[in-house]
Ligand SMILES: Cc1cc2nc3c(=O)[nH]c(=O)nc-3n(C[C@H](O)[C@H](O)[C@H](O)COP(=O)(O)O)c2cc1C
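Numbering (the numbering used here), first residue to last: 31 to 284.
So, in structure tokens, the structure goes:
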């Protein structure tokens with residue numbers, strides 16, 4: 031049986047993002063998945079990494095987050111809220127992340143969930159990352175909304191290419207070994223339309239919710255985001271001249 035973790039980063043479960051995450055959960059249950067949910071704002075997830083999460087970390091020592099995480103992993107003192115999320119992540123075969131774009135990035139609560147939950151020494155090590163990541167064989171999907179229109183979010187749009195805005199998050203999951211599917215983005219989602227335009231938006235969002243079951247059922251065939259293999263880089267970690275470039279983030283000299 032497929033286990034699916036749905037992560038929602040939005041302060042209002044009644045928002046479109048909340049309704050979309052709920053539609054994902056319904057669709058997954060209908061397909062027979064076991065569904066796990068992390069509604070980060072509803073959980074009051076503390077998204078700020080810091081010393082207070084590691085009570086055994088010596089007070090007179092400079093706080094090194096990677097060392098604090100690694101030592102907690104080794105000593106069995108992983109913070110309880112992080113341990114619970116790690117438990118869900120390791121059980122999941124599929125992770126669906128629902129969130130709006132806020133300032134060209136995910137909401138801080140989701141970035142902070144990455145910072146704290148993707149624990150060094152537990153979910154990744156120097157030897158287990160990228161091609162050797164612990165989550166090899168597992169899939170992740172971003173379901174994301176923007177206030178900007180589809181045109182403004184395109185490759186030449188004034189709000190920046192949504193695929194590039196999402197790349198750091200996708201690369202994070204790739205670092206852990208995940209296969210990251212092409213994102214599903216719904217654009218022009220905001221409360222400033224009136225009259226006919228507002229009705230058109232409602233109809234469009236309703237169709238997204240109605241179509242979510244088909245989207246989830248079709249994930250097997252959904253294309254993946256392409257990433258470089260470890261062998262594409264030289265000993266210094268630079269892209270070899272004959273290796274492909276899949277993103278402007280990792281490119282040959284312009
Ligand atoms: C703090 C904040 C920053 C935002 N920044 C962006 C942005 O950079 N690009 C964009 O397209 N929309 C931006 N928006 C609009 C949101 O993406 C939009 O409100 C959301 O996708 C609507 O979904 P919802 O109805 O589920 O909240 C921002 C909204 C907020 C609250």
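Glycine included, every Cβ here is placed at the ideal spot set by N, Cα and C.
If you're wondering where the values come from, they're calculated on a predicted model, not measured in any experiment.
Closer than 8 Å to chain C by CB, residue i
i: residue 85; result: Among the protein chains of the structure shown there is no chain C, as only one such chain exists.
Member of the options whose CA lies at the smallest distance from the CA of residue i
i: residue 183; options: 127, 217, 154 and 161; result: 217
i: residue 204; options: 187, 159, 189 and 181; result: 159
i: residue 151; options: 64, 99 and 180; result: 99
i: residue 26; options: 222, 278 and 121; result: Residue 26 cannot be examined here, being either before or after the span of the chain that is shown, 31 to 284.
i: residue 258; options: 266, 280, 238 and 163; result: 280
i: residue 49; options: 130, 95 and 115; result: 130
i: residue 95; options: 106, 80 and 237; result: 80
i: residue 163; options: 126, 180, 202 and 268; result: 202
i: residue 63; options: 264, 269 and 246; result: 246
Integer Cβ distance of residue i from residue j, believed to fall under 8 Å
i: residue 153; j: residue 214; result: In fact, because the Cβ distance is near 25 Å, the residues do not count as touching under 8 Å.
i: residue 220; j: residue 173; result: Not really, about 17 Å apart at Cβ, beyond 8 Å.
i: residue 286; j: residue 77; result: Look at the range of the chain in this structure, 31 to 284, and you will see that residue 286 is not part of it.
i: residue 124; j: residue 34; result: 5 Å
i: residue 47; j: residue 155; result: Rounded, the Cβ-Cβ distance is 33 Å, inconsistent with contact.
i: residue 191; j: residue 260; result: About 26 Å; that fails the 8 Å criterion.
i: residue 102; j: residue 84; result: 6 Å
i: residue 255; j: residue 200; result: 5 Å
i: residue 266; j: residue 273; result: 13 Å between Cβ atoms; not a contact.
- Query: Taking contact to mean at least 3 C-beta pairs separated by less than 8 Å, is the segment 138-156 in contact with the segment 102-112?
  - Reply: The segment 138-156 vs the segment 102-112: in contact.
- Message: Any residue with its C-beta under 6 Å from a non-hydrogen atom of ligand 1 counts. Can you list them all in chain order?
- Response: Those satisfying the condition are, in chain order, 40, 45, 46, 47, 130, 131, 132, 133, 134, 175, 176, 177, 178, 189, 219 and 220.
- Message: Three or more C-beta pairs under 8 Å: does that hold for the segment 47-62 against the segment 240-249?
- Response: Contact between the segment 47-62 and the segment 240-249 is present, because at least three Cβ pairs lie under 8 Å.
- Determine contact between the segment 204-211 and the segment 163-178, defined as no fewer than three beta-carbon pairs at a distance below 8 Å. The answer is yes - the segment 163-178 touches the segment 204-211, with three or more Cβ pairs under 8 Å.
- Message: Under 8 Å, with one C-beta from each stretch per pair, do the segment 188-198 and the segment 117-136 reach the 3-pair mark?
- Response: Flag = yes, the segment 188-198 and the segment 117-136 touch.
- Specify whether the segment 37-50 and the segment 66-86 touch according to this definition: at least 3 beta carbon pairs, one from each stretch, less than 8 Å apart. Verdict: yes, contact present.
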